[in-house]
Amino acid sequence: MSKIAEAFKNKKAFIPFITCGDPDLDTTKKIISELVKNGADLIELGIPFSDPTAEGPVIQGANIRALKNGITTDDIFGMVEEIRAEVKIPMVFMTYANVVFSYGMDRFFENCKKTGMDGVILPDVPYEEKEEFETVADVYGIDFISMVAPTSEERIATIASNAKGFIYIVSSLGVTGTRTSINRGVKGIVEKIREATDVPCAVGFGISTPEQASDMAEISDGAIVGSAIVRIIEQYGKNAPSHVGEFVKSMKSAYKDTELTDVAC
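And the structure:
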């Protein structure tokens with residue numbers, strides 16, 4: 070069992086997403102500390118990219134702010150290395166194929182291992198083209214996280230049967246961003262995944278309230294929340310860490326009724 074899979078063991082996982090360097094790396098470190106303190110089980114760290122095609126306006130804005138600050142991938146590896154001695158929960162990068170290509174694939178995954186990262190999510194790499202990345206990730210013991218969307222349909226079983234770490238279920242079509250309601254068809258996707266694998270699965274895209282997080286954790290193994298957190302960071306800037314902490318605390322508190330009731334896909 071990988072360190073990522075252990076994050077789901079005997080509980081529903083809460084997975085926050087933030088963009089590194091928004092508004093600056095020092096604030097990112099403080100936010101990560103608040104995420105851990107208030108119940109995060111696994112953290113997604115976004116490496117900013119100029120063309121984040123899976124992201125809606127909120128996270129696009131975070132990418133722009135971070136890039137304007139001159140943030141680099143090496144800066145982010147340095148930040149992760151610095152905090153890793155204190156942060157024990159698993160962390161994964163979410164970024165784009167071009168970032169990994171331009172940095173150098175071997176160098177990227179080697180630095181993931183050196184700095185203590187556990188996995189990588191590349192939303193613009195489809196299942197059929199993941200081998201080029203996954204082969205190198207495997208060399209360094211980094212889980213290459215698979216994504217399943219409502220349009221995956223008959224490919225769900227194939228994707229799930231080859232998944233590592235956890236499976237990222239995209240709740241709805243379109244880009245990231247808060248939504249007033251979450252696609253209830255997610256339950257059917259979870260059931261198809263459970264027929265193919267026991268790798269945990271968590272739902273992301275659109276979750277912004279404790280009720281939505283609880284609903285998605287109830288039918289899967291956890292919930293992923295990005296835009297709602299990034300919006301708080303946009304609003305409060307360098308003063309965001311405590312506000313993010315309070316928000317995460319409220320989201321994780323909503324999980325209590327669902328913990329230990331239906332774990333592991």
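Just so we're aligned: the sequence shown equals residues 70 to 334 in our numbering.
The beta-carbon is built from N, C-alpha and C at its ideal position, and this holds for glycine as well.
query	result
My output table needs one value for residue 201: the three-state DSSP class, helix, strand or coil.	helix
If you pair each beta-carbon of the region 96-106 with each one of the region 115-123, do three or more pairs fall below 8 Å?	no
CB residue 256 to CB residue 288, shorter than 7 Å?	yes
What residue range does the alpha helix (DSSP H) around residue 131 cover?	126-137
Whole angstroms is fine: what's the gap from residue 228's alpha carbon to residue 237's?	11 Å
Could you please give me the residues that DSSP links to residue 215 through a beta bridge?	236
Residue 279 lies in the alpha helix (DSSP H); which residues open and close that run?	279-288
Are three or more beta carbon pairs between the region 131-147 and the region 206-220 nearer than 8 Å?	no
Do residue 148 and residue 191 count as a contact pair if the criterion is CB distance below 7 Å?	no
Let me check one thing: in DSSP terms, what residues is residue 84 bridge-paired to?	293
Rounded to a whole number of angstroms, what is the C-alpha to C-alpha distance between residue 290 and residue 167?	30 Å
For the candidate residues 283, 170, 121, whose alpha-carbon lies nearest to that of residue 318?	283
Between which two residues does the alpha helix (DSSP H) containing residue 148 stretch?	142-152
Given this structure, state the Cα-to-Cα distance separating residue 226 from residue 189, to the nearest angstrom.	21 Å
What separation, rounded to the nearest whole angstrom, lies between the Cα atoms of residue 197 and residue 274?	22 Å
In whole angstroms, what is the alpha-carbon distance linking residue 212 and residue 187?	6 Å
By the three-class DSSP mapping on this structure, what secondary structure does residue 265 have?	helix
With residue 219 and residue 254 assumed to form a contact (beta carbons below 8 Å), what rounded beta-carbon distance in angstroms separates them?	6 Å
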